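Undergrad: In the UniProt record's numbering, the protein residues as written are 1 to 399.
For glycine and all other residues, C-beta sits at the position ideal for the given N, C-alpha and C.
Note that the structure is predicted; figures quoted are calculated from it, not measured.
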């Protein structure tokens, strides 16, 4: 039987792997974060190893031990924080799937742009930097705002928009950073499953043969705004011509980066009708994306990713027009909403509002409010998101 190793970090509804693979038809072993095993059944698992931290070296050592007892055929890791570890295991133990070099293209923003060199995909002009002087030189050369960001990172951590030299952070060492030109425009994201084993369907769109799940959405505000305590929204795009254009763009990016049989979350800017690549992750998108997909489209993106990785046939999905809103605490103190605040709109399908709370560090999970939407058009859902965003912003105050 096939032997699958799963690196597990969570215990939410999207981390019940028994839904994804029959544990009596395959050997399934786990290396799990301690305390996150409530959905793992040792009785039907080949092995369950709990570790205090998913330290890459510790996980690799445990994987090697498991592999020696029973050779591993597949390594599955859903969290962005574990993709490097999974790639190392595959590389060192010669297991099929994304190796270190492949994974780097979905982790290192400089490597991503280097891979696109010579393609039809436009990306911001950029430069690797190691000192403040190099950042200043790039700023003066461009004579416009620039973006400073870590080459490897997630959730806009460490990203700074520099409009004047005084905005450059006071760091001792900028090694591992890059600067790139600021591109004016709206930011979009693509969430897709790539599969070389998709069930043909003559009634579906042409790209269903390689992307059984494909959805284009527009951000309302940005992930950097959310990092800086502003609300973040997202709405599904419903313009067929634009979707087709984005599909070709996505296919070129995936081809250049050798992406296949996996989930992707791609971000780009629409600037004067031109699509400009920002970054791509070899994973399911974060925040509310997997939850709203599951609740509104009955699609578990992690299950589709799991099946694509194992070469299991996938049927194309007809997506719906949905949206979400995430409201962070905008204060450096606790927060509270006005007692008489109510969030009402006919397109709201789910809302989780905390009436009050303490200050906490940045998180996509521990936030004052999250709201889901679904409607018949992009315009209607976008209007609903903006209406609710403004209502929440008016009603929240510091305590």
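With DSSP as the reference, label residue 34 as helix, strand or coil.
TA: Correct three-state label for residue 34: coil.
Undergrad: Helix, strand or coil: which one does DSSP assign to residue 276?
TA: strand
Undergrad: In this structure, what does DSSP give as the bridge partners for residue 191?
TA: 215, 265
Undergrad: Relative to the alpha-carbon of residue 327, which residue among 369, 20, 333, 242 has its alpha-carbon at the smallest distance?
TA: 369
Undergrad: Nearest by alpha-carbon distance to residue 155: which of 108, 99, 363, 390 is it?
TA: Minimum Cα-Cα distance from residue 155 among the listed residues 108, 99, 363, 390 corresponds to 363.
Undergrad: Does residue 49 come out as helix, strand or coil in the three-state DSSP assignment?
TA: Of the three classes helix, strand and coil, the one that applies to residue 49 here is strand, per DSSP.
Undergrad: Would you mind giving the Cβ-Cβ distance between residue 259 and residue 282, rounded to the nearest angstrom? I have them listed as a contact below 8 Å.
TA: 6 Å
Undergrad: Among 385, 112, 12, which residue has its Cα nearest to the Cα of residue 40?
TA: 12
Undergrad: Quick check on the DSSP output: what are the complete beta strand (DSSP E) runs of length 3 or more inside the segment 278-343, in order along the chain?
TA: 322-327, 335-337
Undergrad: Taking just the CA atoms, how far does residue 70 sit from residue 178?
TA: 43 Å
Undergrad: Please list, in chain order, all residues of the same chain as residue 330 whose beta carbon is under 6 Å from its beta carbon, the five residues on each side excluded.
TA: 229
Undergrad: According to DSSP, is residue 206 part of a helix, a strand, or is it coil?
TA: Because the pLDDT of residue 206 is 44, which lies under 50, any placement of that residue in the model is unreliable, and the number read from its coordinates should be weighed accordingly. The answer is helix: DSSP assigns residue 206 an H, G or I state.
Undergrad: To the nearest whole angstrom, what separates the beta carbons of residue 268 and residue 324, a pair I think is in contact under 8 Å?
TA: So it is not a contact: roughly 19 Å between Cβ atoms.
Undergrad: So, helix, strand or coil for residue 5, using DSSP?
TA: strand
Undergrad: Thinking just about the alpha-carbon of each residue, which of 240, 231, 224 is nearest to the one in residue 215?
TA: Taking only the C-alpha atoms, the option nearest residue 215 is 240.
Undergrad: In its own chain, which residues sit with a C-beta less than 6 Å from the C-beta of residue 294, not counting the 5 before and 5 after it?
TA: 300
Undergrad: Would you grab the beta carbon distance between residue 82 and residue 162 for me? Rounded to a whole angstrom, and I think it's under 8 Å.
TA: The Cβ separation is near 32 Å, so there is no contact.
Undergrad: So the beta strand (DSSP E) residue 150 belongs to, where does it begin and stop?
TA: 146-150
Undergrad: Taking Cβ positions, are residue 105 and residue 257 nearer each other than 7 Å?
TA: yes
Undergrad: What is the C-beta distance between residue 277 and residue 116, in whole angstroms, given that I count them as a contact (C-beta under 8 Å)?
TA: 6 Å
Undergrad: Just to confirm, is the Cβ distance from residue 188 to residue 317 under 7 Å?
TA: no
Undergrad: To which residues of the same chain is residue 158 closer than 7 Å at the C-beta, ignoring the five residues directly before and after it?
TA: Excluding positions up to five away in sequence, the list reads 149, 150.
Undergrad: Smallest Cα separation from residue 383: which of 360, 218, 353, 311?
TA: 218
Undergrad: With DSSP as the reference, identify every bridge partner of residue 352, one or two as the case may be.
TA: 370
Undergrad: Drop a sphere of 10 angstroms on the beta-carbon of residue 397, count the other beta-carbons inside from all chains shown, and report buried for 16 or more, exposed for fewer.
TA: exposed
Undergrad: Cα separation between residue 9 and residue 53?
TA: 9 Å
Undergrad: Which residues does DSSP list as the beta-bridge partners of residue 122?
TA: 276
Undergrad: Measure the beta-carbon distance from residue 182 to residue 144 and round it to whole angstroms, keeping in mind my assumption that it falls under 8 Å.
TA: 6 Å
Undergrad: Tell me whether the beta-carbon of residue 48 lies closer than 7 Å to the beta-carbon of residue 42.
TA: Less than 7 Å separates the beta-carbon of residue 48 from that of residue 42.
Undergrad: Name, in chain order, the residues that DSSP records as bridge partners for residue 409.
TA: Beyond the ends of the chain as shown, which are 1 and 399, falls residue 409; an answer cannot be given.
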